[in-house]
Each structure stands twice: as C-alpha cells, then as structure tokens.
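*Asks:* Residue numbers (my numbering): 3 to 213.
Virtual Cβ for every residue (Gly too), placed ideally from N, Cα, C.
All values derive from a computational prediction rather than experimental measurement.
Below is one structure. I have some questions about it.
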C-alpha cells in the first residue's frame with residue numbers, strides 16, 4: 003500500500019499540499035465538522051492532480067524516436083523560421099508531470115518571469131512566465147522544451163540541472179494546475195508525427211523522429 007502511494011503521488015511537488023490538507027481536515031473534524039466535509043472534495047482533487055503515473059513507450063526501440071513531454075491536446079504545429087514549434091495545452095484534469103522527449107545532455111535552463119494569461123491563448127507563448135530547457139543530443143541536434151505557466155498554473159517545477167545526462171522518458175518537472183508546454187526543434191532535423199487537435203500522453207506518445 004505504501005509503495006502504491008510513493009509511485010502514484012508526486013512527492014516532490016504534491017506531498018506538502020496533500021499533507022497540509024490532511025492536517026486541516028483532522029483539526030476541522032473535531033472543531034468544525036462542516037469544514038471537514040467541504041475539504042474532502044478538495045483533497046480528492048489535489049490527490050488526483052498530483053498523480054504520478056509510470057509510463058512506458060511501446061515500439062520505442064529506435065533511439066531517434068521522440069516522445070511527448072506532457073499529456074494534453076496539440077494546439078498548434080507551426081513553422082517559425084527554420085524551426086518547428088509544437089504547442090501542447092494541459093487542462094486541469096491532465097497529468098501535469100513533464101517528461102524528457104529525447105536522450106541527451108541539458109545545455110541550458112532559463113527561467114523568465116511573465117504574465118499568467120490563459121495557457122491556450124496564442125500570446126501566452128511569449129508573454130507568460132516560463133522555463134526553457136535546451137537538450138543537446140549525442141548526434142549534435144538540439145531541442146528546446148518550454149514549460150509555460152497559465153491562468154491557474156502559477157508554479158513551474160524543474161528538477162534537472164545544467165550538464166545533467168537525461169534519458170528519453172525521464173521525468174524532469176511539472177506545472178501546477180493547467181498550463182502549456184512547447185517544443186522547438188530545427189525543421190531539417192526532425193520529422194513530425196503529430197496532427198493539430200491530437201491528444202498525446204507524456205513519455206508515451208511518439209511525436210516525431212530525428213532524421
């Protein structure tokens with residue numbers, strides 16, 4: 003039972019929220035029972051939001067395949083200059099853990115403060131608070147993954163560091179309560195396996211392949 007909690011609750015980002023609710027529910031049960039019953043749905047929501055599923059990419063023997071960094075709906079696939087920009091919207095009900103799309107080394111991590119527009123708004127890509135992670139692959143390609151905060155999501159968590167070696171499918175962070183994630187990659191180095199409107203699963207859905 004204990005191992006189930008460890009594997010399904012995101013301890014690094016969710017345990018303090020859940021524990022605080024448990025303590026508050028304990029006090030309210032004896033002092034103000036009405037509050038206890040109000041807190042139960044909030045507890046269930048938080049536990050559901052911070053769920054931490056294990057994912058395996060089937061048919062991913064080819065190291066050139068790239069997986070989605072998040073659960074969500076593909077908003078846009080754009081050609082901007084010499085790059086593709088793939089935007090994925092995460093609703094409040096989606097898993098908010100973020101996965102490494104491709105194996106490599108972390109070249110840079112850049113945090114930029116900003117606004118908190120609705121995450122599916124086009125301007126949220128440039129104006130919202132975000133954290134940009136650049137991965138360099140063994141073959142010399144680079145990929146940028148942007149964690150973008152939304153109207154409700156106001157906390158970006160990133161657990162990796164510059165110079166760290168990462169594997170495809172590693173968990174590297176999360177964005178709390180509805181958000182957006184983007185991938186930027188050179189068009190001449192990447193084949194897209196996605197369509198706009200498609201639903202993807204982080205660490206599992208194949209979104210493209212290195213050429």
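Between residue 4 and residue 57, what straight-line distance do the alpha-carbon atoms span, to the nearest angstrom?
*Replies:* Counting from 1 along the chain shown, the entry for residue 4 is found at position 2. Counting from 1 along the chain shown, the entry for residue 57 is found at position 55. Confidence is the limiting factor: at residue 4 the pLDDT is only 47, short of 50, which leaves the residue's position unreliable, though a coordinate-based value still follows. For residue 4 and residue 57, the distance between alpha carbons rounds to 20 Å.
*Asks:* According to the Cβ coordinates, are residue 133 and residue 149 closer than 7 Å?
*Replies:* Position 131 of the chain shown holds residue 133. Position 147 of the chain shown holds residue 149. Yes, Cβ-Cβ distance for residue 133 and residue 149 is below 7 Å.
*Asks:* Just to confirm before moving on: does the CB-CB distance between residue 164 and residue 108 stay below 7 Å?
*Replies:* The sequence position of residue 164 within the chain shown is 162, counting from 1. The sequence position of residue 108 within the chain shown is 106, counting from 1. Result yes, Cβ atoms of residue 164 and residue 108 sit closer than 7 Å.
*Asks:* When the distance is taken between beta carbons, is residue 19 closer than 7 Å to residue 48?
*Replies:* In the chain shown, residue 48 corresponds to position 46, counting from 1. In the chain shown, residue 19 corresponds to position 17, counting from 1. Yes, the pair counts as a contact, with Cβ atoms nearer than the cut-off.
*Asks:* How about residue 105 and residue 130: do their beta carbons lie closer than 7 Å?
*Replies:* Residue 105 sits at position 103 when you count from the first residue of the chain shown. Residue 130 sits at position 128 when you count from the first residue of the chain shown. No. Outside cutoff.
*Asks:* Would you list the one or two residues that DSSP bridges to residue 181?
*Replies:* As a first step, residue 181 is located in the chain shown; it is residue number 179 there, counting from the start. Beta-bridge pairing links residue 181 to 92, 151.
*Asks:* May I have the straight-line CA-CA distance separating residue 45 from residue 23, to the nearest angstrom?
*Replies:* The residue you call residue 45 lines up with position 43 of the chain shown. The residue you call residue 23 lines up with position 21 of the chain shown. Computed Cα separation, rounded: 6 Å.
*Asks:* What is the residue span of the alpha helix (DSSP H) that residue 41 lies within?
*Replies:* Reading the chain shown from its first residue, position 39 is the one you call residue 41. 35-51 is the extent of the alpha helix (DSSP H) around residue 41.
*Asks:* For residue 147 versus residue 111, is the C-beta spacing smaller than 7 Å?
*Replies:* The sequence position of residue 147 within the chain shown is 145, counting from 1. The sequence position of residue 111 within the chain shown is 109, counting from 1. No, the Cβ-Cβ distance between residue 147 and residue 111 is not below 7 Å.
*Asks:* Could you round the C-beta distance between residue 203 and residue 70 to whole angstroms and report it? I think they count as a contact, below 8 Å.
*Replies:* What you label residue 203 is simply residue 201 of the chain shown in a count that begins at 1. What you label residue 70 is simply residue 68 of the chain shown in a count that begins at 1. That pair is a contact at about 6 Å.
*Asks:* Determine whether the beta carbon atoms of residue 174 and residue 102 lie at a separation below 7 Å.
*Replies:* Along the chain shown, one-based indexing puts residue 174 at 172. Along the chain shown, one-based indexing puts residue 102 at 100. Annotated as proximal: residue 174 and residue 102, with beta-carbon spacing under 7 Å.
*Asks:* Comparing alpha-carbon positions, which option in 35, 176, 86, 169 lies nearest residue 92?
*Replies:* Start at 1 with the first residue of the chain shown, and residue 92 comes out as number 90. The shortest C-alpha separation from residue 92 is found at 176.
*Asks:* Report the rounded CA-to-CA distance for residue 43 versus residue 32, giving the unit in angstroms.
*Replies:* Along the chain shown, read from residue 1 onward, the residue named residue 43 stands at position 41. Along the chain shown, read from residue 1 onward, the residue named residue 32 stands at position 30. Between residue 43 and residue 32, the C-alpha separation is close to 18 Å.
*Asks:* Using a threshold of 7 Å, state whether the C-beta atoms of residue 82 and residue 210 are closer than that.
*Replies:* To locate residue 82, count along the chain shown from 1; it is residue 80. To locate residue 210, count along the chain shown from 1; it is residue 208. No, they are not a contact pair.
*Asks:* Rounded to whole angstroms, how far is the Cβ of residue 100 from the Cβ of residue 72, which I believe are closer than 8 Å?
*Replies:* Here the question's residue 100 lines up with position 98 in the chain shown. Here the question's residue 72 lines up with position 70 in the chain shown. So it is a contact: roughly 5 Å between Cβ atoms.
*Asks:* If you measure between the beta carbons of residue 1 and residue 182, is that distance less than 7 Å?
*Replies:* For the chain, the structure presents residues 3 to 213; residue 1 sits outside this window and is missing.
*Asks:* Label residue 190 either buried or exposed according to how many other C-beta atoms from any shown protein chain fall within 10 Å of its C-beta, with 16 as the threshold for buried.
*Replies:* Your numbering for residue 190 matches position 188 in the chain shown. With fewer than 16 Cβ atoms within 10 Å of its Cβ, residue 190 is classed as exposed.
*Asks:* Which residue wins for smallest C-alpha separation from residue 66, given the options 193, 160, 200?
*Replies:* By 1-based counting over the chain shown, the position of residue 66 is 64. Per the Cα distances, 193.
*Asks:* Residue 75: which of 62, 85, 98 sits nearest, CA to CA?
*Replies:* Counting from 1 along the chain shown, the entry for residue 75 is found at position 73. It is 98.
*Asks:* For residue 172, name the three-state secondary structure that DSSP assigns.
*Replies:* Taking the chain shown and counting its residues from 1, the one referred to as residue 172 is at position 170. It is coil, neither helix nor strand.
*Asks:* Give the range of the beta strand (DSSP E) segment to which residue 78 is assigned.
*Replies:* If you number the chain shown from 1, residue 78 lands on position 76. Unbroken beta strand (DSSP E) run through residue 78: 74-82.
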